[in-house]
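Worksheet: one structure, shown below.
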Amino acid sequence: MTTMTAAEAGLLPCHACHLLHRPSQVAHGLVCVRCSATLHLRKPDSITRVWAFLIAAYILYVPANVLPVMETGSLFGSQTDTIMSGVVYLWTSGSWPLAVIVFVASILVPGAKLIALTVLLISVQRSSTWRPHDRGRLYRIVELVGRWSMLDIYVAAILTALVQFKSLATIRAGPGAIAFGAVVVLTMFAAEAFDPRLIWDPVRRHHAAHTD
Ligand SMILES: [Zn+2]
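Per this note's numbering, the very first residue in the sequence shown carries number 275; after that it's consecutive.
Here you go:
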């Protein structure tokens, strides 16, 4: 079976409404005849934009984990908790299932997503032909996780749990919570800016070079 990409067939899909165009020549500045979106074969500046989002996310990952995500106060004094100290508190106070959920959702998953996107980005930047199927699957997992997880919810779970356990009078989000939310959003933007077709472009070139 022979296959060809839209680009090889001279077709240019609209990213906004998916209408196919067959321009006489692929030039810059073409717009969709139906919805007027700019037409391009690949997401423009995908690699640069993903790097920008990823670097910002890495930087904010530090305060998200080091700064307090909540400040709690009662008659007996005030206390601040980071994500990790919240997890430790939950664990030592006996609610270990909740501790595991918060650890996985707030520390493990965001970190794993950052690493996965970095691996994908570096491999694409180096025009790697290494295991494209697995890299494609990895991208789909990252996208899927981003779609159904609103990880801040688990931070809210720590808050509620701590309020219940300690019967605290006042509670408010610390600066770490803002950094954490920013990491989640930036990682989603990075996944969105990544163009998975870039995984297959070098594979296709490699094939073409070896079948001629
Ligand atoms: Zn369109």
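Yeah, the Cβ is synthetic: ideal placement off N, Cα and C, and Gly gets one too.
All values reported here derive from a predicted model rather than from experimental measurement.
Does any heavy atom of ligand 1 sit closer than 8 Å to the C-beta of residue i?
i	result
ALA290	yes
LEU304	no
ALA281	no
ALA483	no
ALA464	no
LEU382	no
ARG308	yes
LEU315	no
ALA311	yes
LEU293	yes
In chain order, what residues of the same chain have a beta carbon less than 6 Å from the beta carbon of residue i, not counting five sequence neighbours either side?
i	result
TRP365	ALA373
GLY420	MET462 and ALA465
VAL477	THR403 and PRO406
MET358	none
Check residue i in the structure and name its three-state DSSP category.
i	result
LEU285	coil
ASP319	coil
ASP355	strand
ARG446	strand
VAL361	helix
GLY368	coil
THR312	strand
THR277	coil
LEU293	coil
GLY303	coil
THR346	strand
SER401	coil
SER298	coil
LEU341	coil
Can residue i and residue j be called in contact, C-beta distance under 9 Å?
i	j	result
MET344	ALA453	no
LEU395	VAL324	yes
HIS314	HIS289	yes
ILE473	ARG409	yes
LEU412	ALA390	yes
VAL457	ALA338	yes
SER401	ASP475	yes
Between which residues of its own chain and residue i is the CB-CB distance below 8 Å, once the five residues before and five after are set aside?
i	result
LEU341	THR356, GLY448, PRO449, GLY450 and ALA453
HIS295	LEU285, LEU286, PRO287, CYS288, LEU304, CYS306, VAL307 and LEU313
THR392	LEU328
Return the chain-ordered list of same chain residues with a C-beta closer than 7 Å to the C-beta of residue i, the five sequence neighbours on each side being excluded.
i	result
LYS317	ALA467 and ASP469
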